[in-house]
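K.L.:
The sequence shown: position 284 = 284 (full-length UniProt numbering), numbered continuously.
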Amino acid sequence: MDDNNDFGLSRRQMLGGLGMIGVASAGAGLGTTAYFSDEESFTDNTLTAGSLDLFVHVDYSEDQGSFGGYQTPAGTYIQGGVIGQTVDEDGIELTEGEELQIEVEDLKPGDSGEGEFCFSIVDNPAYLWMCGELTANDENTVTEPEADADGETDSETDTEIDGNGELADAMQVTVSYCAPDGETGDTIVSGSLAEVMDALSNGVPLSGDGDADAPIANRPHFDGVDAPFDDDVPQIADQCVCFTWEVPGEEVGNEIQTDSVTFDFEFYAEQARHNDGTNNPCVESVAGEGFPELEDTVWHVRGIYGDGGGAANREMDIRLPNDTVLTPDTNVSWPNGEAVPFELSIENDNAKWIIDGTQVSVAPAPLPTANAVVVMAKASAADSSIEVSDVAFNGTSPSGPDAVSADGNSPGQQNITLNGVSFGEGDVISGMVEMSWPTGSPPNREGLGFRIDV
Numbered sequence: 001m002d003d004n005n006d007f008g009l010s011r012r013q014m015l016g017g018l019g020m021i022g023v024a025s026a027g028a029g030l031g032t033t034a035y036f037s038d039e040e041s042f043t044d045n046t047l048t049a050g051s052l053d054l055f056v057h058v059d060y061s062e063d064q065g066s067f068g069g070y071q072t073p074a075g076t077y078i079q080g081g082v083i084g085q086t087v088d089e090d091g092i093e094l095t096e097g098e099e100l101q102i103e104v105e106d107l108k109p110g111d112s113g114e115g116e117f118c119f120s121i122v123d124n125p126a127y128l129w130m131c132g133e134l135t136a137n138d139e140n141t142v143t144e145p146e147a148d149a150d151g152e153t154d155s156e157t158d159t160e161i162d163g164n165g166e167l168a169d170a171m172q173v174t175v176s177y178c179a180p181d182g183e184t185g186d187t188i189v190s191g192s193l194a195e196v197m198d199a200l201s202n203g204v205p206l207s208g209d210g211d212a213d214a215p216i217a218n219r220p221h222f223d224g225v226d227a228p229f230d231d232d233v234p235q236i237a238d239q240c241v242c243f244t245w246e247v248p249g250e251e252v253g254n255e256i257q258t259d260s261v262t263f264d265f266e267f268y269a270e271q272a273r274h275n276d277g278t279n280n281p282c283v284e285s286v287a288g289e290g291f292p293e294l295e296d297t298v299w300h301v302r303g304i305y306g307d308g309g310g311a312a313n314r315e316m317d318i319r320l321p322n323d324t325v326l327t328p329d330t331n332v333s334w335p336n337g338e339a340v341p342f343e344l345s346i347e348n349d350n351a352k353w354i355i356d357g358t359q360v361s362v363a364p365a366p367l368p369t370a371n372a373v374v375v376m377a378k379a380s381a382a383d384s385s386i387e388v389s390d391v392a393f394n395g396t397s398p399s400g401p402d403a404v405s406a407d408g409n410s411p412g413q414q415n416i417t418l419n420g421v422s423f424g425e426g427d428v429i430s431g432m433v434e435m436s437w438p439t440g441s442p443p444n445r446e447g448l449g450f451r452i453d454v
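In structure tokens form, the structure reads like this:
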């Protein structure tokens with residue numbers, strides 16, 4: 001919202017005196033009171049909503065040696081998912097075009113490319129996020145040289161096959177902050193294309209001052225501008241985002257022949273006013289019922305009141321999908337009607353599960369492969385309930401529900417799924433959990449509990 005609220009207020013004048021008139025009649029004590037008063041009116045007030053509109057200016061080029069190259073036309077920008085790139089005697093026109101799609105053909109070891117994204121945030125300052133997704137990583141066909149290079153045993157070559165290719169692991173990508181002139185600053189994320197897209201799928205908060213180590217909450221935002229162009233010149237923020245890609249010529253060979261990858265970059269802007277910048281638009285959460293049903297679950301953690309044997313000697317643990325327990329028997333001193341913190345993390349291949357300061361761990365922990373995380377709450381004890389709230393991924397809130405609860409008077413399981421989350425080394429899932437039961441009648445045999453599947 002901008003400052004042009006058209007909120008016209010007349011000057012208020014208050015006569016701030018209180019007076020009393022005393023009227024006495026003969027033979028009787030009779031008093032009457034009245035207040036001096038004045039009135040000023042505030043009429044014809046209007047509130048005009050502001051706006052926030054994100055333009056992303058794109059400058060991209062690639063180098064494929066003698067094969068040639070490609071560069072986006074001058075003035076290319078993205079707005080509303082489509083591009084405009086009209087530059088003529090009338091200047092840049094904000095006309096809709098096709099979705100911006102960059103295709104690299106005949107990719108070879110030694111090829112490279114680079115791009116720059118700069119931002120015009122019209123009307124209001126905003127927090128920016130960068131998201132991404134590896135949408136395809138295909139083997140396509142396998143040529144004889146490729147089969148020899150990557151150890152394929154398929155006797156049929158030059159035919160369409162299913163499966164992942166090697167190109168996403170072979171391409172090296174760096175995403176960094178940069179000045180509008182392209183001078184690079186702090187690295188945001190780097191690694192193979194697969195690794196970078198994994199990081200971007202979880203959401204990367206961008207800092208308006210280009211500090212890659214800035215805390216997420218209340219980080220420097222990106223300033224707004226009055227218009228995306230001024231005399232055909234883009235009006236952009238001081239910080240841009242640059243990316244480079246390369247297929248290393250000395251390290252990559254025939255194993256990538258015929259492979260192809262497809263990936264998306266996305267940028268989100270959200271108003272900075274009345275906002276701490278922790279809402280993560282890259283992680284969507286949805287509510288559901290029942291036990292988690294992730295196809296590629298590697299393990300899950302639990303927190304319960306009492307255990308299945310009727311005793312309270314295993315109230316938090318880490319388990320395999322078949323319910324094999326990986327951690328020692330551990331109790332939790334659950335407070336009645338009081339929320340306590342929990343945290344699940346992977347650090348140096350060590351999976352740590354902490355509830356209100358009590359910890360169990362597994363090392364080395366297999367890295368999850370599911371492309372989602374599920375948080376479930378269950379209740380079966382009468383007049384008892386459980387609420388899991390403030391669910392956060394790496395200190396950010398999902399775009400969707402961040403809480404789930406269950407009531408023992410309506411026994412069952414409720415869950416929220418964080419879609420697209422790639423939970424791995426260095427990641428943290430945190431929140432609060434509160435169990436409540438009638439005084440003197442605590443639940444048993446897992447009457448209340450919650451779990452997280454990864």
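Idealized CB from N, CA, C, for every residue including glycine.
According to DSSP, is V298 helix, strand or coil?
P.N.:
coil
K.L.:
So, under 8 Å CB-CB, L134 and A170 are touching, yes? Tell me the CB distance rounded to an integer number of Å.
P.N.:
Wrong, their Cβ atoms sit about 13 Å apart, outside the cutoff.
K.L.:
Report the three-state DSSP secondary structure of A126 (helix, strand or coil).
P.N.:
strand
K.L.:
Does DSSP put L167 in a helix, in a strand, or in coil?
P.N.:
helix
K.L.:
Measure the beta-carbon distance from V422 to N202 and round it to whole angstroms, keeping in mind my assumption that it falls under 8 Å.
P.N.:
Residue 422 is actually Ser in this sequence, not Val. Right, their Cβ atoms sit about 6 Å apart.
K.L.:
For E315, which three-state DSSP category applies?
P.N.:
coil
K.L.:
Restricting to Cα atoms, I'd like to know which of T330, K378, A381 and N336 is closest to residue 461.
P.N.:
Given that the chain is displayed from residue 1 to residue 454, the structure contains no residue 461 and the question cannot be resolved.
K.L.:
May I ask you to verify whether the segment 189-201 touches the segment 284-295, counting CB pairs closer than 8 Å and requiring at least 3?
P.N.:
Segments in contact, no.
K.L.:
What residue does the beta strand (DSSP E) around L320 start on, and which one ends it?
P.N.:
Segment: none, L320 is in no beta strand (DSSP E) and carries neither H nor E.
K.L.:
Return the residue from the list S333, D296 and N124 that minimises the CA-CA distance to L54.
P.N.:
N124
K.L.:
Can you give me the C-alpha to C-alpha distance between R451 and P438, rounded to a whole angstrom?
P.N.:
23 Å
K.L.:
G208 to F222, Cα distance in whole Å?
P.N.:
5 Å
K.L.:
Please tell me whether T184 and C118 are closer than 8 Å, where the distance is taken between their beta carbons.
P.N.:
No; because the gap between Cβ atoms is not below 8 Å, this pair is not in contact.
K.L.:
If you count every other CB in all the chains shown that lies within 10 Å of the CB of G249, and 16 or more means buried, which is it?
P.N.:
exposed
K.L.:
Which residues in the same chain as S430 place their Cβ atom closer than 6 Å to its Cβ, once the five residues preceding and following it in sequence are excluded?
P.N.:
E343 and A392
K.L.:
Please report the distance separating the alpha-carbon of G426 from that of D231.
P.N.:
Spanning the two alpha carbons is a distance of roughly 46 Å.
K.L.:
In terms of alpha-carbon separation, which member of S397, I416, S399 and Q257 lies closest to A406?
P.N.:
I416
K.L.:
Please work out which residues of its chain come closer than 7 Å, Cβ to Cβ, to S397, disregarding the five sequence neighbours upstream and downstream, and give them in chain order.
P.N.:
T278, N279 and N280
K.L.:
Under three-state DSSP, which class holds A194?
P.N.:
helix
K.L.:
Thinking C-beta only, is G303 closer than 8 Å to Q413?
P.N.:
no
K.L.:
Short check: CB of Q235 to CB of S120, under 8 Å?
P.N.:
yes
K.L.:
Between which two residues does the beta strand (DSSP E) carrying W245 extend?
P.N.:
Note, W245: beta strand (DSSP E), C240 to E246.
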